[in-house]
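> The listed protein sequences correspond, in order, to chains Y and C.
One gets the working numbering by counting positions in the first sequence from 1 and adding 1 to each.
One gets the working numbering by counting positions in the second sequence from 1 and adding 1 to each.
Number of protein chains: 2
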Amino acid sequence: MAETYGIRDLAREFGVTTRTIRFYEDKGLLAPVRQGQRRIYAPRDRVRLKLIMRGKRLGFSLEEIGEIIDLYDTDPTQVAQLRLFLEKIAERRAVLARQQKDIAAIVGELDTLKAQCSQLLRRKERAAAGA
Amino acid sequence: MAETYGIRDLAREFGVTTRTIRFYEDKGLLAPVRQGQRRIYAPRDRVRLKLIMRGKRLGFSLEEIGEIIDLYDTDPTQVAQLRLFLEKIAERRAVLARQQKDIAAIVGELDTLKAQCSQLLRRKERAAAGA
DNA sequence: AGGGTACTTTACCTTTACGTAAAGGTAAAG
DNA sequence: CTTTACCTTTACGTAAAGGTAAAGTACCCT
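1. Using CA atoms only, rank isn't needed, just tell me which of C:GLU68, C:PHE86, C:LEU30, C:GLY7 is closest to GLN36 of chain C.
2. Under a CB-based cut-off of 7 Å, is LYS115 of chain Y close to chain C?
3. I'd like the span of the beta strand (DSSP E) that includes GLN79 of chain Y, first residue to last.
4. With 16 as the cutoff for other CB atoms within 10 Å, does PRO33 of chain C come out buried or exposed?
5. Output, in chain order, the set of chain Y residues within a Cβ distance shorter than 9 Å of THR1 of chain C.
6. Under a CB-based cut-off of 7 Å, is PHE61 of chain C close to chain Y?
7. Exposed or buried, GLY109 of chain Y, counting other C-beta atoms within 10 Å across all chains shown (16 or more means buried)?
8. Are VAL48 of chain Y and LYS125 of chain C close, meaning C-beta to C-beta below 7 Å?
9. Determine, using beta carbons only, whether LEU83 of chain C comes closer than 7 Å to chain Y.
10. Just to confirm my understanding: we take ASP46 of chain C, look at its own chain, exclude 5 residues before and 5 after, and list those with CB closer than 7 Å. What are they?
11. Determine whether the beta carbon atoms of ILE104 of chain C and PHE86 of chain C lie at a separation below 7 Å.
12. Return yes when the Cβ of THR5 of chain C is within less than 7 Å of the Cβ of ALA43 of chain C, no when it is not.
13. Could you say which of Y:LEU111, Y:ALA95, Y:SER119 lies nearest to GLU92 of chain C if we only look at CA atoms?
14. Closer than 7 Å, CB to CB, is PHE15 of chain C near chain Y or not?
15. In chain order, what residues of the same chain have a beta carbon less than 8 Å from the beta carbon of ALA3 of chain Y, not counting five sequence neighbours either side?
16. Would you please verify whether the beta carbon of VAL108 of chain Y is less than 7 Å from any beta carbon of chain C?
17. Taking just the CA atoms, how far does GLU26 of chain C sit from LYS115 of chain C?
18. Does the distance from the C-beta atom of GLN82 of chain C to that of LEU72 of chain C stay below 7 Å?
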């Protein structure tokens, strides 16, 4: 048995191009076996790709994702992996929290500017109409 | 009279490198006069730079900033400029609002994952201790 | 043999906002 | 005259995550 997949299968399933999957391989995130020069993906490759996609969705860089999922193989207990992942989660949370604050501040500024501009514009328009 | 500034003056004042200021010139955002081959900045250049910095802080691209401040020169009534700026503000607000939502969703996911990982980790640690 | 399809590698292109050298001009100060 | 400081241009490098083209391999179908 041992289900396998072609590159196209995975590309379709995850909604990415084959180029993307090869790119991940270049970055050391995937390592499918070869049959001749074709890539054959085993279920564990598929799982890794799924983890990659999830990591991306959460905003992690490919490098960070690599750090984490590599532990999946080298750490049988996965304690180290979980620790690292929790750490990464905390970091990411902190970054996002800052971003939320920054965005809120900027939105505030935008609103202020909008009010000023609107008022100024009304004046200009009245002035133009009254001229 | 007619205050002028050297590139270094403006760089210091706005906390950027001279490279940055030259870069803005390359992009058509600034056009200081030359004295020999040196750049001489007039007050209006300084104002433009200030507007550029504000635009950047608000998250506009240099290209957008260029569109807006160029109207400052070509549009004496500035009505068109105000309209464009208001439009850009609205766009930017919309983008930021989306980002806020996305970030909130991701933070939610991170929290869920964190809880799962923490629990799993505690189990693993207990298992290791009890072994 | 020809056609079609999927796959492969290599390698340059894209975007944004600069950083970073390389190599030299200009001018005041010592 | 030389050092020092500041300025200039030109041009390649960076990060991230792929896009895209070129050119070749491999196999099935008829």
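Just so it is clear, CB atoms sit at the ideal spot from N, CA and C, and this is done for glycine as well.
For this structure:
1. C:GLY7
2. yes
3. Run containing GLN79 of chain Y: none; DSSP gives neither H nor E here.
4. buried
5. The structure shown does not extend to residue 1 of chain C, since chain C is modelled only from 2 through 132, so no value can be given for it.
6. no
7. exposed
8. no
9. yes
10. LEU31, PRO33
11. no
12. yes
13. Y:LEU111
14. no
15. ALA43, PRO44
16. yes
17. 47 Å
18. yes
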